[in-house]
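Participant: Handing you a structure now.
Chains as they are written, first to last, in the working numbering: chain A, 1082 to 1204; chain W, 1082 to 1204.
Below you can see the structure in the form of structure tokens.
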């Protein structure tokens, strides 16, 4: 059903707020992460940096409840429509990881923080 | 400003309808594609299968006019807010490439075709 082979076993997964349409983040899934996402109805990704499954929200409590799963025409990209518990998908405390806009040679922060990362992650 | 190195020179770029918020497609950009996108204000991707720049809409006329460019927290994913000329981003004739929803073991088509691909691409 999904072509995990094309990119060496992991493919991009976009998480989108099911209510507002805001794009929250992009992460990666292997076949195991996808199966767990379907089974648990919560987003589970594959962390490329840590080389293992990443159960989104495991540490912060900010899980993503699945409202719908979509596949693109080439069957090699996943779109998740989710409810973001805690209101923020980004570990930096913003609702969306895409909180910076490109303006010429500059990046401008275009969102407000929902939480303080130091409080949530105890770092 | 953007980390093109992490994934061997090409990173994912999400195209989202600037007006409706619908996620239209995911494609890939190298540094050259990104620079051309910024310069021309039209989405230019890097085709992994053809190994060269892909000026979206070059053949079909269905270009994507850039309304905003956003970068994620890790600076390795791009989000384009676009106006999709012709009303459809997908080469299969759908507005969005994500026209199929996962339902158990099945995929269900959840959108209507905007155009007939055979007419647009003369195939």
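Beta carbons: idealized from backbone N, C-alpha and C, even for Gly. Just so you know, these numbers come straight off a predicted model, no measurement behind them.
Please report how far the alpha carbon of residue 1157(W) lies from the alpha carbon of residue 1110(W), in whole angstroms.
Facilitator: In the second chain, counting from the first residue as 1, residue 1157(W) sits at position 76. In the second chain, counting from the first residue as 1, residue 1110(W) sits at position 29. For residue 1157(W) and residue 1110(W), the distance between alpha carbons rounds to 10 Å.
Participant: Which residues of chain W have a Cβ atom closer than 8 Å to the Cβ of residue 1110(A), listed in chain order?
Facilitator: Here residue 1110(A) refers to the residue found at position 29 of the first chain. What residue 1110(A) touches in chain W: nothing, since even the nearest Cβ is about 12 Å away.
Participant: Does DSSP put residue 1202(A) in a helix, in a strand, or in coil?
Facilitator: Walking along the first chain from the start, residue 1202(A) turns up at place 121. In the structure shown, residue 1202(A) sits in a helix (DSSP, three-state: H, G or I).
Participant: Considering only the alpha carbon of each residue, which of 1086(A), 1132(A), 1177(A) lies closest to residue 1145(A)?
Facilitator: In the first chain, the residue the question calls residue 1145(A) occupies position 64. Closest by alpha carbon: 1177(A).
Participant: Measuring CB atoms only, is the stretch 1092 to 1109 of chain W touching the stretch 1184 to 1200 of chain A, in the sense that at least three cross pairs come out at less than 8 Å?
Facilitator: These segments do not touch.
Participant: Among the candidates 1185(W), 1191(W), 1190(W), whose CA atom is the shortest distance from the CA of residue 1120(A)?
Facilitator: Working through the first chain from its first residue, we reach residue 1120(A) at position 39. Closest by alpha carbon: 1185(W).
Participant: By the three-class DSSP mapping on this structure, what secondary structure does residue 1164(A) have?
Facilitator: Looking up residue 1164(A) in the first chain gives position 83. Here residue 1164(A) sits in strand by DSSP.
Participant: Give me the Cα-Cα distance between residue 1105(A) and residue 1169(A), rounded to the nearest whole angstrom.
Facilitator: Sequence index remark: in the first chain, residue 1105(A) carries index 24 (1-based). Sequence index remark: in the first chain, residue 1169(A) carries index 88 (1-based). Their backbone Cα atoms lie some 8 Å apart in a straight line.
Participant: Check the DSSP bridge columns for residue 1128(A) and list the partner residues they point to.
Facilitator: By one-based count along the first chain, residue 1128(A) stands at place 47. Paired residue(s): 1133(A).
Participant: Taking 8 Å as the threshold (C-beta atoms), are residue 1164(W) and residue 1181(W) in contact?
Facilitator: In the second chain, counting from the first residue as 1, residue 1181(W) sits at position 100. In the second chain, counting from the first residue as 1, residue 1164(W) sits at position 83. Not a contact, by the Cβ cut-off of 8 Å.
Participant: Check whether the Cβ of residue 1179(W) lies closer than 8 Å to any Cβ atom in chain A.
Facilitator: Against the second chain, residue 1179(W) aligns to sequence position 98. Cβ-Cβ to chain A under 8 Å: yes for residue 1179(W).
Participant: Could you give the DSSP three-state label for residue 1146(A): helix, strand or coil?
Facilitator: Taking the first chain and counting its residues from 1, the one referred to as residue 1146(A) is at position 65. Here residue 1146(A) sits in strand by DSSP.
Participant: With C-beta atoms as the reference, is residue 1134(A) less than 8 Å away from residue 1117(A)?
Facilitator: The residue labelled residue 1134(A) in the question sits at position 53 within the first chain. The residue labelled residue 1117(A) in the question sits at position 36 within the first chain. Yes, Cβ-Cβ distance for residue 1134(A) and residue 1117(A) is below 8 Å.
Participant: Consult DSSP for residue 1169(A) and reduce its assignment to one of helix, strand or coil.
Facilitator: The residue labelled residue 1169(A) in the question sits at position 88 within the first chain. If DSSP states are grouped into helix, strand and coil, residue 1169(A) belongs with coil.
Participant: Taking the beta strand (DSSP E) that residue 1184(W) falls in, what are its first and last residues?
Facilitator: Along the second chain, one-based indexing puts residue 1184(W) at 103. Looking at the DSSP string, the run of the beta strand (DSSP E) that includes residue 1184(W) is 1181 to 1184.
Participant: Along chain A, in chain order, which residues have C-beta atoms closer than 8 Å to that of residue 1150(W)?
Facilitator: Your numbering for residue 1150(W) matches position 69 in the second chain. Correct list: 1182, 1183.
Participant: Along the chain, where does the beta strand (DSSP E) that runs through residue 1194(W) open and close?
Facilitator: One-based indexing of the second chain puts residue 1194(W) at position 113. No beta strand (DSSP E) contains residue 1194(W), which DSSP labels as neither H nor E.
Participant: What does DSSP give as the partner residue(s) for residue 1120(W) in the beta ladder?
Facilitator: Here residue 1120(W) corresponds to residue number 39 of the second chain, with the count starting at 1. DSSP lists no partner for residue 1120(W).
Participant: Considering Cα atoms alone, identify which of 1189(W), 1143(W), 1183(W) is closest to residue 1202(W).
Facilitator: One-based indexing of the second chain puts residue 1202(W) at position 121. Of the candidates 1189(W), 1143(W), 1183(W), the one whose C-alpha sits nearest the C-alpha of residue 1202(W) is 1143(W).
Participant: Considering only DSSP beta bridges, list what residue 1110(A) is partnered with.
Facilitator: Looking up residue 1110(A) in the first chain gives position 29. DSSP, once it has assigned bridges, lists 1092(A) as partnering residue 1110(A).
Participant: Cβ closer than 8 Å: which chain W residues qualify as neighbours of residue 1121(A)?
Facilitator: Walking along the first chain from the start, residue 1121(A) turns up at place 40. The contacting residues do not exist; residue 1121(A) stays about 14 Å from chain W at best.
Participant: Under 8 Å, Cβ to Cβ, is there at least one residue of chain W near residue 1093(A)?
Facilitator: Position 12 of the first chain holds residue 1093(A). It does; some Cβ of chain W falls within 8 Å.
Participant: Give every residue of the same chain whose Cβ lies closer than 7 Å to the Cβ of residue 1175(W), excluding the five residues on either side of it in the sequence, and list them in chain order.
Facilitator: Residue mapping note: residue 1175(W) aligns to position 94 of the second chain, counting from 1. Once the five neighbours on either side are set aside, the close Cβ partners of residue 1175(W) are 1169, 1192, 1194, 1195.
Participant: Hey, would you say residue 1154(W) sits closer than 8 Å to residue 1125(A), going by beta carbons?
Facilitator: The count along the second chain starts at 1 and reaches residue 1154(W) at position 73. The count along the first chain starts at 1 and reaches residue 1125(A) at position 44. Result no, Cβ atoms of residue 1154(W) and residue 1125(A) do not sit closer than 8 Å.
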